Amino acid sequence: MTGDLIFILLALLTLVPAVWVVMSRNLVHAGFGLLFTLFGAAGLYAYMGADFIAVAQLMVYIGGVLVLVLFTVMMTHVPRSHGNHGYDRYVPASVFALLTFGVLYKTITSVNWSASTSPAEPTIARIGAQIMTDFIFPFEYVSLVLLAAMIGAALLTREERPAGPANAAKDTEVAP
Amino acid sequence: MNVGLPHFLTVGAILFALGLFAVMSRRNAIGILMGVELMLNASNINFVAFSRYVEHAVDGQIMAAFVIVLAAAEAAVALAIVLAMYRNFGTANADVVQSLKR
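Chains D and H, in that order, give the protein sequences.
Counting with the numbering used here, you get residues 3 to 178 for the letters of the first sequence.
Counting with the numbering used here, you get residues 783 to 884 for the letters of the second sequence.
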């Protein structure tokens, strides 16, 4: 009974701010809605006994991605006159989203899931062993992807400065 | 009510539909990115739920960890592109901008 109540609270904590993320006109408000949604999702992972994923969600999503998103929102201030609310798209977007949800929900309810309810146990040791044995190649590829993303992000955001010997010479002149 | 697999899958489906709605209705590129994050979280909830309830294995959780890593890489590159867009065009509106250079 208490478990059900906790699940309902976590699901509400995930879904109600998600509506805010989607509908809010102010992107900073949407970013803070995303904070609560990600927090609720971390709670759901913890509820399912996925301790490692819950902590990774807290550190990577809330500590990294969300801070990055909020920084970018605040650095790219869009004046009101541009109008970043697309009401004319609400109809096709809501139709398509509802259709997708209908198909998914139909599938969820029609399949007879043979769910096992064995008690949850700590998974970090097993995840570590699996990553180092069965998933070693995906693990290495992912580290390469992270390196490529880091280099790409640094290249894209660097200051534009015409390169050339003339510029370099000027730089050394100015330096002292 | 006995909380089981279908409940988590339903939460994931609602989250995915909301993310899809954001991707289709938002004009600001950062808003679109937030929708993508919602959809990735929905997929993660499904991965972890299947790993918990269907089979007594941690494969689903490892997939969820990979999804989190790829989402972080995607966010870094996408936000760098948004910043480059904003520097060159003065806007983050995905309708206006069609290239990265003038």
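Every residue gets a Cβ at the ideal spot worked out from N, C-alpha and C, and that includes glycine.
No experiment lies behind these values; they were computed from the predicted model shown.
Contacting residues, own chain, Cβ-Cβ under 7 Å from residue i (five flanking each side not counted)
| i | result |
| --- | --- |
| residue 42 of chain D | 12, 15, 16 |
Interface flag, residue i vs chain H, CB-CB below 8 Å
| i | result |
| --- | --- |
| residue 4 of chain D | no |
| residue 48 of chain D | no |
| residue 121 of chain D | no |
| residue 15 of chain D | no |
| residue 98 of chain D | yes |
| residue 9 of chain D | yes |
| residue 137 of chain D | yes |
| residue 158 of chain D | yes |
| residue 106 of chain D | yes |
| residue 177 of chain D | Residue placement at residue 177 of chain D is poorly supported in this model, since its pLDDT is 44, which falls under 50; the coordinates are not used for a value here. |
| residue 36 of chain D | yes |
| residue 84 of chain D | With a pLDDT of 48 at residue 84 of chain D, under the threshold of 50, the modelled position of this residue cannot be trusted, and the question is left open. |
Contacts of residue i in chain D (Cβ-Cβ under 8 Å)
| i | result |
| --- | --- |
| residue 843 of chain H | 52, 54, 55, 125, 129 |
| residue 793 of chain H | 13, 16, 17, 46 |
Check whether residue i and residue j have beta carbons under 8 Å apart
| i | j | result |
| --- | --- | --- |
| residue 822 of chain H | residue 853 of chain H | yes |
| residue 865 of chain H | residue 78 of chain D | yes |
| residue 795 of chain H | residue 58 of chain D | no |
| residue 785 of chain H | residue 5 of chain D | yes |
| residue 98 of chain D | residue 797 of chain H | no |
| residue 44 of chain D | residue 125 of chain D | no |
| residue 55 of chain D | residue 47 of chain D | yes |
Contact with chain D by residue i, beta-carbon distance below 8 Å
| i | result |
| --- | --- |
| residue 818 of chain H | no |
| residue 735 of chain H | Absent from the structure is residue 735 of chain H, since the part of chain H shown begins at 783 and ends at 884. |
| residue 825 of chain H | no |
| residue 871 of chain H | no |
| residue 807 of chain H | yes |
| residue 863 of chain H | yes |
| residue 850 of chain H | yes |
Reference residue i; option with closest CA among the options
| i | options | result |
| --- | --- | --- |
| residue 857 of chain H | H/807, H/820, H/787, H/870 | H/820 |
| residue 832 of chain H | H/877, H/784, H/797, H/790 | H/790 |
| residue 860 of chain H | D/70, D/76, D/89 | D/70 |
| residue 74 of chain D | H/812, H/787, H/788 | H/812 |
| residue 800 of chain H | D/30, D/132, D/36 | D/36 |
| residue 146 of chain D | H/873, H/883, H/851 | H/851 |
Amino acids of chain D, ordered along the chain, whose beta-carbon sits closer than 9 Å to that of residue i
| i | result |
| --- | --- |
| residue 771 of chain H | Beyond the ends of chain H as shown, which are 783 and 884, falls residue 771 of chain H; an answer cannot be given. |
6 Å Cβ shell around residue i - same chain, five flanking residues per side excluded
| i | result |
| --- | --- |
| residue 26 of chain D | 32 |
Where residue i meets chain H, residues with beta-carbon distance less than 7 Å
| i | result |
| --- | --- |
| residue 64 of chain D | The premise fails here: residue 64 of chain D is roughly 11 Å from chain H at the closest Cβ pair, so nothing lies under 7 Å. |
| residue 148 of chain D | 851, 855 |
Chain D residues whose Cβ lies nearer than 7 Å to that of residue i
| i | result |
| --- | --- |
| residue 879 of chain H | Within 7 Å Cβ-Cβ: nothing; residue 879 of chain H doesn't reach chain D, min ~12 Å. |
Contacting residues, own chain, Cβ-Cβ under 8 Å from residue i (five flanking each side not counted)
| i | result |
| --- | --- |
| residue 829 of chain H | 842, 843, 845, 846, 849 |
Neighbour list for residue i in chain H, Cβ cutoff strictly below 8 Å
| i | result |
| --- | --- |
| residue 103 of chain D | 795, 796, 798, 799 |
Contact set between residue i and chain H, taken where Cβ atoms lie within less than 9 Å
| i | result |
| --- | --- |
| residue 40 of chain D | 819, 823 |
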